[in-house]
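Here is the structure we will look at, set down as structure tokens.
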Amino acid sequence: MSKEPYRSAQRVFWITDNGSSHRGQSSIDRLQSWYPNAVQVHTPIHASWLNQVEIYFSVLQRKVLTPNDFENLVDLKNRILSFQESYETIAKPFEWKFTREDMKKVLAKLDDKQKMAA
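Each step along the sequence shown adds one to the number in the working numbering, with nothing skipped, and position 98 is 137.
This is the structure we're talking about:
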């Protein structure tokens, strides 16, 4: 936020989930006190579709934005749009491998650790 273009931008949107470290009005107030031009936007609490967005941005980061060596914003925009056009022709739905049974196992392990710590 201390570097351009963020420092002089009228608004910079920070998209955050509802994790305990950035939930609620106190988080919004804290961010605004640090950066007056920051606007915090919380994702919906129950929004599994966001996982798909996170996966897409992860692919975009690895395949397009690293290394960050763009001459200007126009080049960056063109690279992202070009990738998007290409990705839409090859993309397939992601297959979830983490099942309810997997979650039950994780929760059982956590429960066991808590019992041992007590």
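Virtual Cβ for every residue (Gly too), placed ideally from N, Cα, C.
- Distance between Gln49 and Lys136, taken at the CA atoms: about 42 Å.
- Relative to the Cα of Phe52, the nearest Cα in the group His81, Lys143, Thr138, Arg62 belongs to His81.
- Around Ile54, the same chain offers Val80, Thr82 as residues with beta carbons nearer than 7 Å, after the five sequence neighbours per side are excluded.
- Annotated three-state conformation of Thr82 is coil, per DSSP.
- Here the region 96 to 104 makes no contact with the region 68 to 79; the two share fewer than three CB pairs at distances below 8 Å.
- Per DSSP, the beta-bridge partners of Ala77 are Val51.
- Here Met40 carries a coil assignment [DSSP, helix/strand/coil].
- In the structure shown, the three-state DSSP call for Arg46 is coil.
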